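Before any comments, here is the structure.
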Amino acid sequence: MSGPTISVSGVSKVYGSQAAPVTAVQDATFACLAGTVSAIMGPSGSGKTTILSILGLLLKPTRGQVAIMDQEVSDYDERQLPALRRTHIGFIFQSFNLFSALSVLENVLISLQLKKIPAREAPGLAMTALERVDLVKRSSFYPRDLSGGEKQRVSIARAITADTPIILADEPTANLDSKTGLKIIDLLHELATEQRKTVVVVSHDLRIKEHVNRVLWMEDGVIHEG
Amino acid sequence: MSYPVAIARKNLFHDRMRFAITLVGISFSVVLILVQVGVYLGMMYNTSSIIEHTDADIWITARNNRNFDFSMPFPEHRENRARAVPGVLWTKKLIMVWSLMKIKGGGSENVEMVGFDPESGIGGPWDMVKGAVRDVKFYRGVIVDESSASKLGKLHIGDYREVINKKVRIVGVSRGARRITTAPILFTSYRTAQELNPWIESQTVFVLVKTAPGTDLKIVRDRLARVMDMEDVYTKDGFINATRLYWTFSTGMGIAFGFTILMGFIVGAVIVSQTIYSATIEHLREFGTLKALGAENRTVYGIILEQALLNGIIGFFIGMIVNYVVVQFYTGTGQVIIQPWQLFAGDFVVTLLTCVAASLISVRRAMQVDPMEVFRA
Chain D
1 MSGPTISVSG VSKVYGSQAA PVTAVQDATF ACLAGTVSAI MGPSGSGKTT ILSILGLLLK
61 PTRGQVAIMD QEVSDYDERQ LPALRRTHIG FIFQSFNLFS ALSVLENVLI SLQLKKIPAR
121 EAPGLAMTAL ERVDLVKRSS FYPRDLSGGE KQRVSIARAI TADTPIILAD EPTANLDSKT
181 GLKIIDLLHE LATEQRKTVV VVSHDLRIKE HVNRVLWMED GVIHEG
Chain Y
1 MSYPVAIARK NLFHDRMRFA ITLVGISFSV VLILVQVGVY LGMMYNTSSI IEHTDADIWI
61 TARNNRNFDF SMPFPEHREN RARAVPGVLW TKKLIMVWSL MKIKGGGSEN VEMVGFDPES
121 GIGGPWDMVK GAVRDVKFYR GVIVDESSAS KLGKLHIGDY REVINKKVRI VGVSRGARRI
181 TTAPILFTSY RTAQELNPWI ESQTVFVLVK TAPGTDLKIV RDRLARVMDM EDVYTKDGFI
241 NATRLYWTFS TGMGIAFGFT ILMGFIVGAV IVSQTIYSAT IEHLREFGTL KALGAENRTV
301 YGIILEQALL NGIIGFFIGM IVNYVVVQFY TGTGQVIIQP WQLFAGDFVV TLLTCVAASL
361 ISVRRAMQVD PMEVFRA
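Chains D and Y are the protein sequences, given in the same order. Letter 73 of the first sequence, counting from 1, is numbered 73 in my numbering, and no numbers are missing. Letter 306 of the second sequence, counting from 1, is numbered 306 in my numbering, and no numbers are missing.
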């Protein structure tokens, strides 16, 4: 597709009651293209995670439209969304969100299992993704045996193996030292350029500015080009 | 590596302490229910074992009699009326009387004395360890049940004892005639029972009836009920039920057992609910992550349900093993415990249903998981 992968138009999210509303996102409008890394940056409490949840189809906006791959999804109900998430969106989390009872390889296999990839293909695909993040030797390890950087690479491998056009990363460098953090951002950048992924990174880490294609600044729920 | 990845099983075995606590709770509940119901059924068997092993279709008792062990006597000539009823093949008289036996070294014990017809053996012991049933015909011969040893001491054939100041001779030892009253049981001839207990002279306690082949039991029973207008007439099953109901409800035994079984069930259910719920809470972020990765709600519920069922199945089989040990110990003390396959099947289903019900509470919590939970640091 030639148009934007993600298109957000006039999106607002209001929490709380009518008497005491709290606006987390106010009238956000932007688009993200395939092959680029966009960073949404801003201080804590500015609404970054809320907009990421909306982009990830985990939260419905109060107002406005969200289109993913040209599909208007704001009105989709909960029964339609899981399939859209599986096929369109990969997540990378600040706290890695690995399954503590599963090995590195199994954590990656989960994405394929949800997509019902047959058993003859899944292990090969998972190992390819682990190879991409240089974790093949750790494939039988459990999350408790990994460093923060390794955990984040498992999380990325999980997103790679899902092979979704969009990858949403929430503070991917927050729990990592600066060197490892930048390596992770570079890895995401490679994914965007080599595999034409649309990567959206939410962060308040100003060091990543130089490593992304575009910065959107967010403050008090209002988003604008940085 | 296994694929598909068994998240439920992996989660269970990953947190071994929680898993162990859950299994202890479930198996404790299983053992408590199996043993309590088994002991209850064993006691119920004890209440009616003589009725069950007596080859009679109908039992005639004094009016308003509701059990085997505490029956009033009635004139033995009333047997003649029963014998004359069409459809009756034969009748036998049977005595069950409380008596007193002196024990070696002084003191005495209340005993249940059963006086039966030694020629036919109807109403007599059905499993002899030593001696012969017919030997009770000779010189106040009595047969003691081996379960009486703890109260009467070890008795051997040829030993003499006194029953209400009259000497009796041990002529045999039977097995399996333990009474729920815990009183030792002595079998003797009908006449000896009357001789030893003179206040029932010319009286019987039961008239046993065998119906002629091809006759309808209910019709004969109704005919007998009309003729035996001063007595109660039961079918064999009816008298077994009446006896069991008496012991279950009139003595409070049923409530006691029911309460213990309920406690076992509640304890098991609470432990299972608590552990499954806390495990769900602990994995809430993982369930949220699964949903973020595109898992349907039913996938998450499936994992919780599978965990609950695995807990139930493994806990049940551990409970079975513990139950086996308990049963071996219990029966080793001479007590009766009856655990039919239906009990195991029923308890298995109850255990699984409890686990499923417990998991539903967790499912409800998982449904309410905040989608943004996955982003929390």
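Every residue gets a Cβ at the ideal spot worked out from N, C-alpha and C, and that includes glycine. This one's a predicted model, so the numbers in the text were calculated from it and none came from an experiment.
1) Using the beta-carbon count (16 or more within 10 Å), is R285/Y buried or exposed?
2) Helix, strand or coil for Q94/D, going by three-state DSSP, please let me know.
3) CA-CA distance, T188/Y and V209/Y?
4) Tell me whether E286/Y counts as near the ligand FMN, meaning its Cβ is closer than 7 Å to at least one heavy atom of that ligand.
5) Would the region 49-62 of chain D count as touching the region 166-178 of chain D if we require 3 or more Cβ pairs under 8 Å?
6) Take M72/Y and list the residues in its own chain whose beta-carbon comes closer than 7 Å to its own, dropping the five residues that flank it on each side.
7) Just to make sure I have the definition right: I need the residues of chain D whose C-beta is within less than 9 Å of the C-beta of F19/Y. Which are they?
8) Looking only at its chain, what residues have a beta carbon closer than 7 Å to the beta carbon of V272/Y, apart from the 5 residues adjacent to it on each side?
9) Verify whether the separation of the beta carbon atoms of G226/D and M41/D is less than 8 Å.
10) At what residues does the beta strand (DSSP E) containing W217/D begin and finish?
11) May I ask you to list, following chain order, the residues of the region 167-178 of chain D that have a beta carbon less than 8 Å from some beta carbon of chain Y?
12) DSSP three-state label for Q18/D, please.
13) Tell me the DSSP secondary structure of A122/D in three-state form.
14) Could you tell me the boundaries of the beta strand (DSSP E) in which Y190/Y lies?
15) Considering only C-alpha positions, which residue in the set V322/Y, I7/Y, S2/Y is nearest to S300/Y?
16) Quick check: the Cα distance between R9/Y and V363/Y, rounded to an integer number of angstroms?
17) Go through its chain and collect everything with a Cβ distance to T192/Y's Cβ below 8 Å, but skip five positions before and after it.
18) Identify the contact partners of G80/D in chain Y, using a Cβ-Cβ distance below 8 Å as the criterion.
19) How long is the line joining the alpha carbons of A242/Y and T235/Y, rounded to whole angstroms?
20) G16/D and V22/D - do their beta-carbons sit closer together than 8 Å?
21) Counting along the chain, where does the beta strand (DSSP E) carrying R63/D start and finish?
22) Within 8 Å of any Cβ in chain D, is that where the Cβ of N11/Y sits?
23) Of all the CB atoms in chain Y, is at least one closer than 8 Å to the CB of T180/D?
24) Taking A183/Y as the reference, which of G332/Y, G258/Y, V97/Y has the closest Cα?
25) Between P21/D and chain Y, is any beta-carbon pair separated by less than 8 Å?
26) At the level of alpha carbons, what is the spacing between R196/D and N175/D?
27) Consider the Cβ of G294/Y: report whether some Cβ of chain D lies at a distance smaller than 8 Å.
28) What are the uninterrupted segments assigned as alpha helix (DSSP H) that are 4 or more residues long and contained completely in the region 135-200 of chain Y, given in chain order?
29) Once you ignore the five residues that flank G334/Y on each side, which residues in its own chain have a CB closer than 7 Å to its CB?
30) Could you have a look at T61/Y and say whether DSSP puts it in helix, strand or coil?
31) Can the beta-carbon of V30/Y be found less than 8 Å from the beta-carbon of F316/Y?
32) Report back the beta-carbon spacing between T260/Y and Q36/Y to the nearest angstrom; my notes put them in contact at under 8 Å.
33) Apart from the five residues just before and just after W126/Y, which ones in its own chain have a Cβ nearer than 6 Å to its Cβ?
34) What is the DSSP secondary structure of E210/D, reduced to helix, strand or coil?
35) So I208/D contacts chain Y; which residues on that side make the cut at Cβ distance below 7 Å?
36) Would you mind giving the Cβ-Cβ distance between V327/Y and N46/Y, rounded to the nearest angstrom? I have them listed as a contact below 8 Å.
In this structure, then:
1) Per the 10 Å Cβ criterion, buried.
2) Of the three classes helix, strand and coil, the one that applies to Q94/D here is coil, per DSSP.
3) One C-alpha to the other measures close to 20 Å.
4) Here there are no bound small molecules, and the ligand FMN is not part of this structure.
5) Here the region 49-62 of chain D makes contact with the region 166-178 of chain D; the two share three or more CB pairs at distances below 8 Å.
6) Here the set comprises A62, N65.
7) None at all; the shortest Cβ gap to chain D is about 11 Å.
8) Within the same chain, V272/Y has close Cβ partners T22, G25, I26, N311, T354, C355, A358.
9) Here G226/D is near M41/D, since their CB atoms are less than 8 Å apart.
10) Residues 214-219.
11) Residues D170, E171, A174, N175.
12) The three-state secondary structure of Q18/D, taken from DSSP, is coil.
13) When DSSP states are grouped into helix, strand and coil, A122/D belongs to the helix group.
14) That residue, Y190/Y, is in no beta strand (DSSP E); its alpha helix (DSSP H) goes 190-196.
15) One point to set straight first is that residue 300/Y is Val, not Ser, in the sequence displayed. The shortest Cα separation from V300/Y among V322/Y, I7/Y, S2/Y belongs to I7/Y.
16) Those two C-alpha atoms are separated by around 17 Å.
17) So the list reads G115, V136, R140, G141, V142, V168, once near-sequence residues are dropped.
18) Per the sequence shown, the amino acid found at residue 80/D is Gln instead of Gly. Within 8 Å Cβ-Cβ: nothing; Q80/D doesn't reach chain Y, min ~11 Å.
19) The alpha-carbon atoms of A242/Y and T235/Y are separated by roughly 10 Å.
20) In this structure, G16/D lies closer than 8 Å to V22/D by Cβ.
21) Note, R63/D: beta strand (DSSP E), 63-68.
22) Yes, N11/Y counts as interfacial toward chain D.
23) Cβ-Cβ to chain Y under 8 Å: no for T180/D.
24) Answer by Cα proximity: V97/Y.
25) No, its Cβ sits nowhere closer than 8 Å to a Cβ of chain Y.
26) So the alpha carbons of these two residues sit roughly 27 Å apart.
27) For G294/Y, the answer is yes, since a Cβ of chain D falls inside 8 Å of its Cβ.
28) Qualifying alpha helix (DSSP H) stretches, in chain order: 149-152, 190-196.
29) Cβ neighbours of G334/Y within its own chain (closer than 7 Å, five residues either side excluded): S147.
30) Correct three-state label for T61/Y: strand.
31) Yes.
32) That pair is a contact at about 5 Å.
33) Cβ-Cβ distances below 6 Å link W126/Y to H53 in the same chain, with the five nearest sequence neighbours on each side left out; the list follows chain order.
34) Here DSSP, grouped into helix, strand and coil, assigns E210/D to helix.
35) In chain order: nothing, as chain Y lies at least about 17 Å away.
36) Contact between V327/Y and N46/Y does not hold, since the beta-carbon distance rounds to 16 Å and is not under 8 Å.
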